[in-house]
Amino acid sequence: MLWVIATITTAPGHDKDVLNALLDIAPTVRQEAGCQLYQPSQDHPEGPTAYAPPRPDTVTVIEAWDSRQALDDHMATPHMTRFSEATSEWVTHAEIRLIDPVDA
């Protein structure tokens, strides 16, 4: 299994636009072969002082895939191409972290 944490920084005031675009494609993504989890999200607005403060203009997608190939196939789908094109003026930076879960 491969986990993905995608942190997307948006132009000021466009976080809801990007989040809505992600929510629009989420049902399709969740039907893809190898997708175990695809969850668009935002920082919780009331983080205690022990946690990092909420980040405005940031959207996070938490994903789990059966394999790197499943993730690569996902990134090559027409709906991901359309998402990238539709949000290109709103997204200022995207950091995609691939994480291998480790069992104790």
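Numbers given in the working numbering equal positions in the sequence shown, counted from 1, plus 7.
Beta carbons are placed, not taken as given, at the ideal position from N, Cα and C, and that holds for glycine.
These figures come from a predicted structure and were not determined experimentally.
Taking each of SER74, GLU102 and ILE69 in turn and checking the Cα distance to LEU30, the smallest one comes out for ILE69. Residue state for GLN76 is assigned as helix, using DSSP reduced to three classes.
Contact check for SER74 against LEU9 passes: the beta carbons are separated by less than 8 angstroms.
Boundaries of the alpha helix (DSSP H) harbouring ALA93: 85-94, taken from the DSSP string. When the beta-carbon positions are compared, PRO61 and PRO52 come within less than 8 angstroms of each other. With respect to ALA71, LEU44 sits close: the two C-beta atoms are nearer than 8 angstroms. Residue environment: ILE12 is assigned as exposed (fewer than 16 neighbouring CB atoms within 10 Å of its CB, all protein chains considered). Taking all protein chains shown into account, ASP22 has 16 or more neighbouring C-beta atoms within 10 Å of its C-beta and is therefore buried.
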